[in-house]
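Scroll down for the structure; my scribbles are underneath it.
Protein chains in written order, with the working numbering: chain F, 498 to 609; chain S, 1221 to 1334.
What follows is the structure in structure tokens.
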């Protein structure tokens, strides 16, 4: 079945450090891939998405590239800020479906 | 536009009771999906409603049910509550259900079962 495997956390970084959170997936066909972010006490917000192979999603300095050959969608940011502290979820959605399959989430803490 | 709203935001219930949670989607959105978030199981899909019909269902027992009204508002019900039902329940809406649109999430209802 469809699944998402996400890098275990928590991750603690100093401000301005480089961030990578690994995400790999298993799915039939050509799913769409997403990164969602959850700030304390809030619901999920879409951070970025990619709908086909080699697409790069980007938003607020975060980037992720849909790699079909390695079934991966790793999240990166060149210089993290304290305000980036949150839980990050990788997710996939099968073509033609509306429900999302989520990874376990990675808690990021950025210290000044 | 107002976002997805969920009521109540917090709820405490006793084992064996039942509970009803409410979700109002973004205006014009016709698809509503429900997810359960727990520390142990993460985020899991419960079900999706579109045009007042359940269109898709996750792997949850029959104690979990839902419905959607003609104005697209949705409710989910959990009967005979168990301790393991303690979770954050998230609702998400989208204009259609063909996967071509982003899902917008509400802030969630935190249910605690004692």
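Beta carbons are placed, not taken as given, at the ideal position from N, Cα and C, and that holds for glycine.
Remember, it's a predicted structure, so these values are computed and weren't measured experimentally.
- Boundaries of the beta strand (DSSP E) harbouring residue 589(F): 583–590, taken from the DSSP string.
- Contacts between residue 539(F) and chain S, judged by CB atoms closer than 7 Å, involve 1327 in chain order.
- Apart from the 5 residues on each side of it in sequence, residue 538(F) has no Cβ closer than 7 Å to any other Cβ in its chain.
- Contact of residue 1289(S) with chain F is not assigned, every C-beta pair being separated by 8 Å or more.
- Between residue 1295(S) and residue 513(F), the alpha-carbon positions lie close to 43 Å from each other.
- Contact annotation: the segment 575–593 of chain F does not touch the segment 1288–1303 of chain S, with fewer than three C-beta pairs closer than 8 Å.
- Residue 1292(S) carries a coil assignment under DSSP once its states are collapsed to helix, strand and coil.
- In the DSSP assignment, residue 508(F) falls within the unbroken beta strand (DSSP E) covering 508–511.
- Segment contact: the segment 519–530 of chain F against the segment 1226–1233 of chain S, fewer than three CB-CB distances shorter than 8 Å; contact not assigned.
- The beta-bridge partner set that DSSP reports for residue 1252(S) consists of 1269(S) and 1313(S).
- Distance between residue 577(F) and residue 520(F), taken at the CA atoms: about 19 Å.
- Annotation for residue 1256(S): 1264, 1266, 1307 and 1309 place their beta carbon closer than 7 Å to its own, counting only its chain and skipping 5 residues before and after.
- The criterion of a C-beta distance shorter than 8 Å is satisfied by residue 561(F) and residue 547(F).
- Taken through DSSP and simplified to helix, strand or coil, residue 1299(S) comes out as coil.
- Minimum Cα-Cα distance from residue 533(F) among the listed residues 1227(S), 1325(S), 1333(S) and 1271(S) corresponds to 1325(S).
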